[in-house]
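Novice: Residue numbers (this note's numbering): 7 to 293. We put the CB at the ideal spot given by N, CA and C, even for glycine.
1) Taking only the alpha-carbon atoms, compute the straight-line gap between residue 59 and residue 41 and give it to the nearest angstrom.
2) Should the stretch 191 to 199 be regarded as contacting the stretch 155 to 172, the criterion being three or more beta carbon pairs within less than 8 Å?
3) So, at 7 Å on beta carbons, what are the nonlocal neighbours of residue 237 in its own chain, with the 5 sequence-adjacent residues on each side left out?
4) Any idea if residue 224 is buried or exposed, counting beta-carbon neighbours within 10 angstroms, 16 or more meaning buried?
5) Could you check which residue in 269, 120, 233, 54 has the C-alpha nearest to that of residue 204?
6) Among 197, 159, 218, which has the Cα closest to the Cα of residue 180?
7) Over what stretch of residues does the alpha helix (DSSP H) that includes residue 25 continue unbroken?
8) Taking only three categories from DSSP, how would you classify residue 58?
9) Under 8 Å, do residue 274 and residue 136 count as touching if we go by C-beta distance?
10) Applying the 10 Å Cβ sphere with the 16-neighbour rule, what's the burial state of residue 20?
11) On a Cα-Cα basis, can you pick out the residue from 133, 147, 165, 209 that is closest to residue 261?
12) Taking residue 206 as the reference, which of 228, 268, 214, 131 has the closest Cα?
13) Let me know the secondary structure DSSP gives residue 10 once reduced to three states.
14) At 4 residues or longer, and completely inside the stretch 121 to 177: list those alpha helix (DSSP H) runs for me, N to C.
15) May I ask you to report which of helix, strand or coil DSSP gives residue 15?
16) Go ahead and pull the three-state DSSP assignment for residue 241.
17) Rounded to a whole number of angstroms, what is the C-alpha to C-alpha distance between residue 86 and residue 156?
Next up, the structure:
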């Protein structure tokens, strides 16, 4: 007769994983001591936040560099990301409920900006498949992959799923280069003098506070006469992106990317297989 699996208590879990939590606490402490660093690149204001330093330190301590963290600990840490962002997701839900009148009264430009995700999907999914990704590409290309999006993917597919790995990869990359990229992009687009400063402010809200801050700070520096309006519109846009984005991903972009994946993946699979066979044949002939 098989024994029923024993439930792990909170104390037991802490004893088992105390090393992981101690390392995480140390990394957070170091990142917070470094703090936020700002500097200018031309007219662009680049902002480096503590979470960026925490990610870089974690990579250095990881199993592929200093090997301070083992593979088992890294796997457990990836599962705990969902737990860490759950309070933020709850906050988004509270914001959605308390701001429903604003969502109804706001202009369509702010609400329908989420449709830009479809354009990203159309470009990114074929590239992901071309690079050989499988179902990881669904999580990676269905949204901007911020906290709410990663939580949604984990809830729907599971924290250990290929979709969750794809989403988490873009989530990390967004912190590593997203803030710098958006700050520079805001500066470059503003230099064309084609869009109104307030339109650029609205475009700064992508559902990520750090990315929005980088872009809006740059725009406020370039257009000091509109500084207050830029900050206000960018913040409103970012809030609406966070609130409406999770529904857009759940009901529109995620079903759409699954349909596209089902249609495109067999074609890219055959292409990659034929390319692999051709390369193997050419290698044998050269020998």
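Specialist: From the atom records:
1) Locating residue 59 in the chain shown gives position 53, counting from the first residue. Locating residue 41 in the chain shown gives position 35, counting from the first residue. Rounded to the nearest angstrom, the two C-alpha atoms are 9 Å apart.
2) no
3) The count along the chain shown starts at 1 and reaches residue 237 at position 231. Annotation for residue 237: 222, 226 place their beta carbon closer than 7 Å to its own, counting only its chain and skipping 5 residues before and after.
4) Numbered from 1 along the chain shown, position 218 holds the residue referred to as residue 224. Counting Cβ neighbours within 10 Å, residue 224 comes out buried, since at least 16 surround it.
5) As a working note, residue 204 is residue 198 in the chain shown. Nearest of 269, 120, 233, 54 to residue 204, Cα basis: 233.
6) What you label residue 180 is simply residue 174 of the chain shown in a count that begins at 1. Checked all of 197, 159, 218; the closest Cα to residue 180 is 218.
7) Taking the first residue of the chain shown as 1, we reach residue 25 at position 19. Taken as a continuous stretch (DSSP letters only), the alpha helix (DSSP H) holding residue 25 covers 24 to 40.
8) Along the chain shown, read from residue 1 onward, the residue named residue 58 stands at position 52. Residue 58: helix per DSSP, three-state reduction.
9) The residue you call residue 274 lines up with position 268 of the chain shown. The residue you call residue 136 lines up with position 130 of the chain shown. In contact: residue 274 and residue 136 (Cβ atoms closer than 8 Å).
10) For the purposes of this step, residue 20 is identified with residue 14 of the chain shown, where counting begins at 1. Exposed, since its Cβ has fewer than 16 Cβ neighbours within 10 Å.
11) Working through the chain shown from its first residue, we reach residue 261 at position 255. It is 147 whose Cα lies nearest to the Cα of residue 261.
12) Locating residue 206 in the chain shown gives position 200, counting from the first residue. Of the listed residues, the one whose Cα sits closest to residue 206 is 228.
13) Along the chain shown, one-based indexing puts residue 10 at 4. For residue 10, the pLDDT reaches just 49, beneath the cut-off of 50, and the residue's location in the model is therefore unreliable, although a value from the coordinates is still provided. Reduced to three states, the DSSP call for residue 10 is coil.
14) 122 to 136, 142 to 147, 153 to 163
15) Counted from its first residue, the chain shown places residue 15 at position 9. Residue 15: coil per DSSP, three-state reduction.
16) Stepping through the chain shown from its first residue, residue 241 is reached at position 235. DSSP places residue 241 in helix when its eight states are reduced to three.
17) Working through the chain shown from its first residue, we reach residue 86 at position 80. Working through the chain shown from its first residue, we reach residue 156 at position 150. Cα to Cα, the separation comes out at about 12 Å.
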